[in-house]
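Asks: Before I ask anything, let me first share the structure, which is written out below as C-alpha cells.
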C-alpha cells in the first residue's frame, strides 16, 4: 500500500490463505537476481539458431525459467556455448562458403576471383553443374579448419598463425572447383575482342531467356566511335557451330528444309568455314574489312549442299529469330544493346565529349612547347619577321603522340589558355595533326581527330572529333568556310554580272533572299575549285590554295550561277506542266514528281549538290517532263517503273540507315545513280551519265 507504482516482479516471504492466496513480507525484485541464485533449479531452453554477419558468429535465443516462470525471455548468446559443432558448421557455410562475413584476408579475395573465373568457364561452355556445389566447398574448408574454429574471431586468431607456415592452405584452384575435363580452349572463348589496336573485354553469361545471355563486349565510352560493327556477327570461335545451327533454324522454311538435319549440316558448315575463311582473330582485328558471316555462310551452304541463299534472306527479321546467346551484346557504361550502331547514335554526343576530354590534356603541354618553338623560331635567323603572317600554332602528330606516350592525360598540369580546341579561328594554324592519342584506364588508346569545323553562324572552330569520318567531313567544310571568309566577293559585284534572263531565273530560287543565294554560290564555287579541301592541314598548303581561289573565284561563281539558273528555269517549266495537268488518273504521278522536284530544288541545294552534278539537274528535271507525257499514254507502264524505282530507293534508304551518321562517299554517290536510273526509266532519249541499272545499284549497296 505504500507503493504508488506496481513493480513488475515481487517476492513474498510467506504465502497464506485458505480461500484466497496472499503474500506476506513482500519486496520488489529484479528477475536477473534470481538467475545466479537459482543455480540448477533454473531451466534453460534454446531456439532459432542462426548466423549473424555483424557478430561473425552463430547466435541462438536463450530462455531461462524458474519454477516454470520465465525470468529471462529472449537473450541472444553464442551458439558455440550450446552446440560448438553446429556453430562451426554454420560458420563454414555462411562465412566461408556463402561469403556472409566481413574479412580482409587475401585468400578470400583470391578465392572469389577463382570462383568468378570458374563461373565464366561454365558460362562459356554453356553447361550447368560444372561448378563445385556449396557442399563441395564446405568439405574443402571442413577438412582444413581445426574443430575449435566456430566464429570469425576464432578464425582470425588461428589463421594469423597458420598462414605463416601454409599460406595456400585455404586457397581454391580451378581444379578444386571444376571437373578434370573442364579446360576450355582459350582461343575458342577469348577474354578480349581485338579490333585494330583496341582490346575490348568480353564476358560470358549462361542465362537462357535473358537479354544478357551469351557474350557481352565491353566498350569504353571514349573509344566507342572507333569501333566498327563488322566482324562481330561471327561471335567467338567456340560458338561457331551453334551459330551455324541457329542460322539454319532461323531461315525461311523453303530453305530450311533443304538443310536438315540442322545439327549435322551446321557442323559441316562450321568445319567448312574454319577451313576456307581467315582465322577468327584476323577477321576480328580487321574490323570493317571483315567478310560478313552471312556471306561466308551462304558460300559454305552453296558449296556443300548446292543451296543458294539470297542476300535479302539475312535481314533483321531473320536475326531476331536467332537465340539470344547467338546475338552479341554491346555494353557501354550502364547502357547495353545488341546493335552497336544504335549505341553509337544514342551516345554520339557523350562519346565525342569523352574523346575530347581524354586527348585534351595529353596534347596541352605539346601545344605550349610548339607555340614556344614557333616563337623562338621567329627570333632566329630565317624566322618570321614582323611583316610575315602570324598563324596560330598547333603541334604536329609526332609531338602530340610523344606527349601522350610520355604520360600526359586528362589530369595533366596545363595552363587553361593552352588547348587543342578553340573558337573563332580566323587564320589557319601552322599545322593540324591528323590524329592525337592518349591511353586511358585499362590501357585502351583513345584517338581524337582534330578538324576545322564550320559553325551555323559561319564561324570556324577547331575541334577534336571522335572518328576519322567525322574529321574528313567536317574539316573539308571548315577549310572552305575559312576560304569563304577570306575571299568572299561583295553581293553587288556578283549580281552585276547577271544578265536579264539569268537574273529573272535566279530571282525565282527557293532561297529567302539574294544574299543567301550568293553565299551558296560562293560555297559551291569554292567546293569546285578545292575538291580536296579535307587534305589541307598546314598553313603553307592553305596559303597556296587561298591565293588560287582568290584569282579564280569570281569566274567560277559566275559559271555556277549559269548552271543554277538553267536548273531553276527547268524547274519552273516542270512546275507549270504539273499545274496544267488536270487528269485524275495521273494524280499519283504528279505527287511523285512534286516530291522528286523537292529533293532537287530547295533552300541550300546549290552548296549541297556537288559541282559535277549541278549541270545535270536540268536533265533530271526534263526527265520528269518526259515522264509526265509518257504516263498520260501508258499509266500502267509508269506504275511498274515507279514500283521498281521505289524498291531501289528503299534499299538505298536502308543502307543509309545501317551506315549511321557518316556514310561513305561511295554510298552517297548511289543517290545520283538512282537519279540516272530514273532518267533511263522515263526519258532514255536524254541519255545517262555512264552505265546504270538496278543490278549495279544493288551490288553497290551490298554489305
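Residue numbers (the working numbering): 2 to 704. All C-beta atoms in this analysis are idealised placements derived from N, C-alpha and C, irrespective of residue type, glycine included.
For residue 95, I'd like the list of residues in its chain whose CB is within less than 7 Å of its CB, leaving aside the five on either flank, ordered along the chain.
Replies: Reading the chain shown from its first residue, position 94 is the one you call residue 95. Excluding sequence neighbours, residue 95 sits near 52, 101.
Asks: Considering Cα atoms alone, identify which of 298, 174, 236, 305 is closest to residue 312.
Replies: Working through the chain shown from its first residue, we reach residue 312 at position 311. Considering only alpha carbons, the answer is 298.
Asks: Locate the alpha helix (DSSP H) running through residue 631, then write down its first and last residues.
Replies: Mapped onto the chain shown, residue 631 falls at position 630. First-last of the alpha helix (DSSP H) with residue 631: 618-634.
Asks: Measure the Cβ-Cβ separation of residue 66 and residue 43 and say whether it is below 8 Å.
Replies: Within the chain shown, numbered from 1, the residue matching residue 66 stands at position 65. Within the chain shown, numbered from 1, the residue matching residue 43 stands at position 42. Yes.
Asks: Pick out the complete beta strand (DSSP E) segments inside the segment 70-113, 3 residues or longer, and give them in chain order.
Replies: Listed in chain order, the complete beta strand (DSSP E) runs (minimum 3 residues) inside the segment 70-113 are 70-79.
Asks: Counting only the same chain and skipping the five closest in sequence on each side, list residues whose C-beta sits under 8 Å from that of residue 554.
Replies: Counting from one through the chain shown, the residue named residue 554 turns up at place 553. Excluding positions up to five away in sequence, the list reads 488, 490, 523, 526, 527, 530.
Asks: So within the segment 534-597, which uninterrupted alpha helix (DSSP H) runs reach at least 4 residues, ignoring any that extend past its ends?
Replies: 540-581
Asks: Pairs of beta-carbons, one from the segment 636-647 and one from the segment 608-623, closer than 8 Å: are there three or more?
Replies: no
Asks: Taking 8 Å as the threshold, find out whether the segment 648-655 comes into contact with the segment 454-473 through three or more Cβ pairs.
Replies: no
Asks: What ranges does the alpha helix (DSSP H) occupy inside the segment 243-276, keeping only unbroken runs of at least 4 residues that lie completely in it?
Replies: Annotation: the segment 243-276 contains the following complete segments of the alpha helix (DSSP H) (minimum length 4 residues), in chain order: 254-257.
Asks: Give the DSSP bridge partners of residue 336, in chain order.
Replies: If you number the chain shown from 1, residue 336 lands on position 335. Per DSSP, 333.
Asks: Is the beta carbon of residue 680 sitting closer than 8 Å to the one on residue 692?
Replies: Residue mapping note: residue 680 aligns to position 679 of the chain shown, counting from 1. Residue mapping note: residue 692 aligns to position 691 of the chain shown, counting from 1. No, they are not a contact pair.
Asks: My understanding is that residue 430 touches residue 513, with C-beta atoms under 8 Å, so please give their C-beta distance in whole angstroms.
Replies: For the purposes of this step, residue 430 is taken as residue 429 along the chain shown, with counting starting at 1. For the purposes of this step, residue 513 is taken as residue 512 along the chain shown, with counting starting at 1. Rounded, the Cβ-Cβ distance is 34 Å, inconsistent with contact.
Asks: Give me the Cβ distance between residue 678 and residue 668, rounded to the nearest whole Å; I'm assuming they're in contact under 8 Å.
Replies: Looking up residue 678 in the chain shown gives position 677. Looking up residue 668 in the chain shown gives position 667. Incorrect: roughly 16 Å between the Cβ atoms, too far for contact.
Asks: Suppose the cutoff is 7 Å on Cβ atoms and the five residues either side in sequence are ignored; what does the same chain contact list for residue 591 look like?
Replies: The residue labelled residue 591 in the question sits at position 590 within the chain shown. For residue 591, where only same-chain residues beyond five positions count, the Cβ hits under 7 Å are 579, 582.
Asks: Near residue 474, which residues of its chain fall below 7 Å by C-beta distance, leaving aside the five closest residues on each side in sequence?
Replies: Residue numbering aside, residue 474 sits at position 473 when the chain shown is read from its first letter. Closer than 7 Å at Cβ, skipping near neighbours: 663.
Asks: Provide the residue span of the beta strand (DSSP E) that contains residue 710, from first to last.
Replies: Since the first residue of the chain shown is 2 and the last is 704, residue 710 is not available in this structure.
Asks: In angstroms, rounded to a whole number, what distance separates the CA positions of residue 195 and residue 280?
Replies: On the chain shown, position 194 is the one that residue 195 refers to. On the chain shown, position 279 is the one that residue 280 refers to. The alpha-carbon atoms of residue 195 and residue 280 are separated by roughly 12 Å.
Asks: Closest to residue 433 by C-alpha separation, out of 310, 476, 41, would be which residue?
Replies: Position 432 of the chain shown, counted from the start, is the residue given in the question as residue 433. Taking each of 310, 476, 41 in turn and checking the Cα distance to residue 433, the smallest one comes out for 476.
Asks: Could you give the DSSP three-state label for residue 148: helix, strand or coil?
Replies: For the purposes of this step, residue 148 is taken as the residue at position 147 of the chain shown. Residue 148 falls in the coil class under three-state DSSP.
Asks: At a threshold of 7 Å, does residue 49 count as lining the ligand ADP (C-beta to nearest heavy atom)?
Replies: Among the components of this structure there are no ligands whatsoever, and the ligand ADP is therefore not found.
Asks: Express the C-alpha separation of residue 463 and residue 401 in angstroms, rounding to a whole number.
Replies: The residue you call residue 401 lines up with position 400 of the chain shown. The residue you call residue 463 lines up with position 462 of the chain shown. At residue 401, the pLDDT of 39 sits below 50, so the modelled position is not reliable; the number obtained from the coordinates is stated separately. Roughly 16 Å separates the two Cα atoms.
Asks: Go through its chain and collect everything with a Cβ distance to residue 684's Cβ below 6 Å, but skip five positions before and after it.
Replies: Counting from one through the chain shown, the residue named residue 684 turns up at place 683. Excluding residues within five positions, the ones whose Cβ falls inside 6 Å are 624, 627.
Asks: Apply the 10 Å Cβ neighbour rule to residue 467 and answer buried if 16 or more other Cβ atoms are within range, or exposed otherwise.
Replies: Position 466 of the chain shown, counted from the start, is the residue given in the question as residue 467. Buried: at least 16 other Cβ atoms inside 10 Å.
Asks: In the DSSP assignment, what are the bridge partners of residue 611?
Replies: Here residue 611 is taken as the residue at index 610 of the chain shown, counted from 1. BP columns for residue 611 are empty, so no partner.
Asks: By the 10 Å Cβ neighbour count, where 16 or more other Cβ atoms means buried, how is residue 226 classified, buried or exposed?
Replies: On the chain shown, position 225 is the one that residue 226 refers to. By the neighbour-count criterion, in which a residue is buried when 16 or more other Cβ atoms sit within 10 angstroms of its Cβ, residue 226 is buried.
Asks: Out of 569, 449, 481, state which residue places its alpha-carbon closest to the alpha-carbon of residue 507.
Replies: Position 506 of the chain shown, counting from 1, holds the residue named residue 507. Comparing Cα-Cα distances from residue 507 to each of 569, 449, 481, the minimum goes to 569.
Asks: Which value, in whole angstroms, describes the spacing of the CA atoms of residue 213 and residue 330?
Replies: For the purposes of this step, residue 213 is taken as the residue at position 212 of the chain shown. For the purposes of this step, residue 330 is taken as the residue at position 329 of the chain shown. Their Cα atoms are separated by approximately 7 Å.
Asks: Please give me, in chain order, every unbroken run of the beta strand (DSSP E) with length at least 3 that falls completely inside the segment 171-253.
Replies: 193-196, 199-206, 215-219
Asks: Going along the chain, which residues of its own chain have a beta-carbon closer than 8 Å to the beta-carbon of residue 328, five neighbours each way excluded?
Replies: Here residue 328 corresponds to residue number 327 of the chain shown, with the count starting at 1. Closer than 8 Å at Cβ, skipping near neighbours: 215, 320, 339.
Asks: Output yes or no for whether 8 Å exceeds the beta carbon distance between residue 447 and residue 223.
Replies: The sequence position of residue 447 within the chain shown is 446, counting from 1. The sequence position of residue 223 within the chain shown is 222, counting from 1. A contact, by the Cβ cut-off of 8 Å.
Asks: Measuring alpha carbon to alpha carbon, tell me which residue in 617, 495, 359 is nearest residue 572.
Replies: By one-based count along the chain shown, residue 572 stands at place 571. Among 617, 495, 359, the Cα nearest to that of residue 572 belongs to 617.
Asks: With a CB to CB cut of under 7 Å and the five nearest residues on each side skipped, what residues in its chain are close to residue 197?
Replies: Locating residue 197 in the chain shown gives position 196, where the first residue counts as 1. So the list reads 286, 288, once near-sequence residues are dropped.
Asks: Closest to residue 233 by C-alpha separation, out of 205, 291, 636, would be which residue?
Replies: Residue mapping note: residue 233 aligns to position 232 of the chain shown, counting from 1. Out of 205, 291, 636, 291 has the C-alpha closest to the C-alpha of residue 233.
Asks: Residue 103: which of 28, 112, 55, 559 sits nearest, CA to CA?
Replies: Stepping through the chain shown from its first residue, residue 103 is reached at position 102. Measuring C-alpha to C-alpha distances from residue 103 to each of 28, 112, 55, 559 identifies 55 as the nearest.
Asks: Counting only the same chain and skipping the five closest in sequence on each side, list residues whose C-beta sits under 8 Å from that of residue 322.
Replies: As a working mapping, residue 322 is identified with position 321 in the chain shown. Contacts found: 250, 251.
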